[in-house]
Amino acid sequence: MLHFSYNFTHAICRLPARSLVDGLRAVDTGQPNYDQFLKDHQDYVAALEATGAKVEVLDALEEFPDSVFIEDAALCLPKCAVIMRPGAPSRLGEASAINPVISDVYSNVAVINGPGFIEGGDVLTTETEILVGRSARTDSAGIDELTSLVKPWGYTVREVETPEGVLHFKTDCSLLDADTILSTKRLANSGCFSDYQVIHVADGEEACANSIRFNENVIMPSNFPETEKMLVKHGYDVKTIGNTEAAKLDGGMSCLSLRFTPS
Ligand code: CIR
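In this text, residue positions in the sequence shown follow my numbering: the first is 4, and each later residue adds one.
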């Protein structure tokens, strides 16, 4: 049985720009190394392709240092796509840059026009609902606009809270299958996943909560052995990808792609 929330025939990625050294970060843990970032990005694209998906890799956008984190600029649903409105001023222009690319593959494209803000990293799509975490980048007005744009297509949006100090809602959680979510304890403790099974990331491994289920694989960052073991024990087919450089810019596995099946 196919599940639209994790079975995808297509993905779109964007090559990292050399300007990524100027990318946003909450805490300075050193400059990301461009060559290592590029290598990890190639491994990531290869992992998506290995599941049989077709992956379009867009040119780098030097004017937007964070544009490799393409997920934040758009939301791809089975029946429509929505161009987001990033709350980080340096990322706002990424929305109009992605619009023509999305309009090439979707016939129904809606646009968040504001005044609210919303970034794709705050949006978790499950089989039954779209959860959106309010954060420093996503506000209630942005969530309300998304809610009314997707309602005609039959999607339900639930507004929830991203933990204080956490960049995006999905920094702390990932969908593993139709019923199961991988989450940090700090996010799951808010009760927002009470209708789901929750697997907690191992203590001290919170930085791997941003993983993705992509077809048969769970793709997670390397070097989180306890959580990896736990996922394997639960029967997931885990692939790991180096993420040291993206992590310096608060990026993880979900941020690096838009995943979809054209309708
Ligand atoms: C930013 O702060 O916007 C980027 N440096 C990281 C974005 C990560 N995106 C995501 O979690 N979806």
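Note that CB positions come from ideal geometry on N, CA and C, so glycine has one too.
Of the candidates S177, T183 and D198, the residue whose Cα lies closest to the Cα of A212 is S177. Only residues of its own chain outside the window of five on either side were considered, and among them D175, T187 and R189 have a CB closer than 8 Å to the CB of E209, listed in chain order.
Short note on G245: C-beta not closer than 7 Å to any heavy atom of the ligand CIR.
The Cβ atoms of N246 and S225 sit closer than 8 Å to each other. Secondary structure note for F217: its beta strand (DSSP E) is the uninterrupted segment I215 to F217. The Cβ atoms of L261 and E74 lie closer than 8 Å to each other.
About 11 Å separates the CB atoms of I184 and V204; that is not less than 8 Å, and the two are not in contact. Burial state of D240 is exposed, judged by a 10 Å Cβ sphere holding fewer than 16 other Cβ atoms. Cβ neighbours of A181 within its own chain (closer than 6 Å, five residues either side excluded): H6 and E130.
For D125, the number of other beta carbons within 10 angstroms of its own is at least 16, and it is reported as buried. Relative to the ligand CIR, even the nearest heavy atom lies 7 Å or more away from the CB of T165.
Secondary structure of R189 (DSSP, three-state): helix. In the DSSP assignment, H6 is bridged to no other residue. One alpha carbon belongs to A100, the other to E132, and they sit about 27 Å apart. If you look at M223, you'll find it in the beta strand (DSSP E) that goes N220 to P224. Taking C-beta atoms as the reference points, V71 and A14 fail to come closer than 8 Å. Relative to the Cα of A63, the nearest Cα in the group A49, L51 and H44 belongs to H44. Looking at L78, G117 and Y9, the one whose alpha-carbon comes closest to that of V104 is L78.
Excluding residues up to 5 positions away in sequence, C16, V58 and V60 lie with their Cβ nearer than 7 Å to the Cβ of V48 in the same chain.
The beta carbon of V169 lies closer than 6 Å to those of D175 in the same chain, with the five residues before and after it left out.
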